[in-house]
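Everything on this sheet refers to the single structure shown next.
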Amino acid sequence: LRGEIDAVSIGAGDSLMYVVKDSNAVVSSKFNGDAVKTLWSGPFTAWRTGRLGSGTLVFTKPSATLPGYAYSLASGGLTKLLGPLNGLIATANPAGTYLIYSYVSGNEEHLFAKEVGKSTSAEFSPSTLADKCAGSVKEKGIFFCGAPSGGVSGAEPDGWYQGKTHFSDSVWRFDALTQSATLLADPEEGFGVSLDVSLPQLSPDEKYFVFVNKSDLSLWALSLR
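Counting from 4, one number per residue, gives the positions in the sequence shown under this note's numbering.
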């Protein structure tokens, strides 16, 4: 990979997307380092990247005290999707058709989902950080998320990123089309285990919600069937 990497994510197919720290360029390459391509370079700093269908989602590094923005990156240009919103975190479903995003307002964490390109959005409860969510390939507008049983304070996500804050999450299914939320599991109540969901994804058959427990970096898979 090229240069000092500030953020990295998996793109479509066998591609990686990452931010080069010294130039703030958003770059793509294959997993083996071939086919390196600069997607965008500009004056802004502290980007994060994600997959947006066959394209790229970029957003400013989240902080509860700073306004954040999310953009679609295509053909070397940025199209604003969200912002300004303090503490903004955005996650797209693999098709790039829906976003789930969290932000801070009124000293509270809020969680919303919306169809890309549409102005309307739906708020979900319980709230969580959108970094704890993974979108479905098989089901339109569906996201599976870890949501803290005790809620999220308006000071996040700063403490969580720094390892100063840990959560005990339940696992929820959020439906952006019906604006409904369904509790799937409460590991602490059901199994006596406290799990802080990070780096979530769905197994290829979408029978399992796979994630890293941020508290001890152990790998977990929760059956969704």
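Just so you know, even glycine gets a beta-carbon here, dropped at the ideal spot from N, CA and C.
Residue of the options minimising C-alpha distance to residue i
{"i": "LYS141", "options": "VAL213, SER206, PRO160 and SER226", "result": "SER206"}
{"i": "SER152", "options": "ASN216, SER197, LEU202 and SER57", "result": "SER197"}
{"i": "LEU60", "options": "TYR101, ALA125 and SER66", "result": "TYR101"}
{"i": "GLN165", "options": "SER218, PRO97, THR123 and GLY195", "result": "SER218"}
{"i": "GLU209", "options": "ALA77, SER75, LYS64 and PRO97", "result": "PRO97"}
{"i": "TYR72", "options": "SER105, GLY99, VAL213 and GLY56", "result": "SER105"}
{"i": "GLY56", "options": "ALA95, ASN216, LEU220 and SER122", "result": "ALA95"}
{"i": "SER128", "options": "ARG51, PHE170, GLU191 and LEU114", "result": "LEU114"}
{"i": "SER171", "options": "LYS64, PRO190 and GLN182", "result": "PRO190"}
Under 8 Å between C-beta atoms of residue i and residue j
{"i": "ILE92", "j": "LEU132", "result": "yes"}
{"i": "GLY53", "j": "GLU159", "result": "no"}
{"i": "ALA188", "j": "SER201", "result": "no"}
{"i": "LYS135", "j": "PRO203", "result": "yes"}
{"i": "ALA67", "j": "GLY195", "result": "no"}
{"i": "GLN182", "j": "ALA137", "result": "no"}
{"i": "LEU227", "j": "PHE212", "result": "yes"}
Buried/exposed call for residue i, threshold 16 Cβ in 10 Å
{"i": "VAL155", "result": "buried"}
{"i": "GLY193", "result": "exposed"}
{"i": "SER130", "result": "buried"}
{"i": "SER139", "result": "buried"}
{"i": "GLY162", "result": "exposed"}
{"i": "LEU186", "result": "exposed"}
Chain D contact for residue i (CB, 8 Å cutoff)
{"i": "ALA184", "result": "The displayed structure is made up of one protein chain only, and chain D is not part of it."}
Sufficient close CB pairs (3 or more, under 8 Å) joining the region 178-189 to the region 82-91: no
Beta strand (DSSP E) runs wholly inside the region 120-170, at least 3 long, in chain order: 125-127, 136-138 and 145-151
Cβ contact (3+ pairs, closer than 8 Å) linking the region 104-111 and the region 145-152: no
Uninterrupted beta strand (DSSP E) stretches inside the region 72-115 (no shorter than 3 residues): If only uninterrupted beta strand (DSSP E) runs of at least 3 residues are considered, those enclosed by the region 72-115 are 80-89, 92-95 and 101-108.
3 or more residues per run - each beta strand (DSSP E) lying fully within the region 170-203: 172-178 and 183-188
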